[in-house]
Amino acid sequence: MKTEISPQESSRAEAFSLWMSSPMPMVTLVKTLNVSPLLKMRKKSGIKFTALMCWCIGRAASRIEEFYLLPEDGKLFRYDKMAINVIVANKQSGINSCDIPFADDLEQFNRDYLELTQRSATECKSSFIEDCMIIGTSAMIQTELDCIVNQYTEKFSNPLVMWGKYRQGLFKTVLPVSFQFHHVQMDGGHAARFLEQLQMEIKGCSKNWKTFVGR
3 MKTEISPQES SRAEAFSLWM SSPMPMVTLV KTLNVSPLLK MRKKSGIKFT ALMCWCIGRA
63 ASRIEEFYLL PEDGKLFRYD KMAINVIVAN KQSGINSCDI PFADDLEQFN RDYLELTQRS
123 ATECKSSFIE DCMIIGTSAM IQTELDCIVN QYTEKFSNPL VMWGKYRQGL FKTVLPVSFQ
183 FHHVQMDGGH AARFLEQLQM EIKGCSKNWK TFVGR
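Going by this note's numbering, the sequence shown opens with residue 3, and the numbers climb by one from there.
What follows is the structure, encoded as structure tokens:
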């Protein structure tokens, strides 16, 4: 559910007054993550790397209150559910946007991920969830990237996590991740905490394997 709230009565009152009318309110942080546990989990479970990454993003974001807030059209809204947006390559060599409802249950999230992305790829149609807080993702795995800075548009003020091809080393595999967010929604400290939480979720992903296969 999406509910309009009074900015002045929220924890983002000062940020709203400072940044709501700013022509460039987006901020980007970059962190290199150790994604070795995701590769281990992918090998054991057969779940795609991107699906696991999106699930970890949802897990990390769901634990931070500011992710449920979003400024839109000069107003502030609170959501009670989240979804992860992915970009899908379709059968016509184009791309489509696909919203996947976040579920803390990995098995459920993976089922939705496979069904919805396959539908978008086959039908060449984008799918959107209107009543969820959308966290955007963009995986450009064709090459290794150090940093990504997305365009700013008033049509999309949602947080966005972006990455390229992971880098395999002798002892670990790393992945630079860019995280873009609207300054009204959160401060740099909240964003830094999210990136730390994301790394924790990735590290704990392989531990969830026993729970996953036990069902």
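Beta carbons are placed, not taken as given, at the ideal position from N, Cα and C, and that holds for glycine.
Only a predicted model underlies this, so the values are computations on that prediction, with no experimental measurement involved.
In this structure, T139 sits away from I204, with a CB-CB distance that is not shorter than 8 Å.
Per DSSP, the unbroken alpha helix (DSSP H) holding K205 starts and ends at 190-207.
With distances taken between CA atoms, S13 lies nearest to M188 out of C58, M188, D106.
Per the DSSP secondary-structure output, Y81 pairs in a beta bridge with K4.
Taken atom to atom, the span from the alpha-carbon of I97 to that of A91 is near 4 Å. In this structure, the CA atom of E146 is about 12 Å from the CA atom of T34.
CA-CA distance, V151 to G206, rounds to 28 Å.
A distance below 8 Å separates the beta carbons of H184 and M28. I49 is not a Cβ neighbour of M55, given a cutoff of 8 Å.
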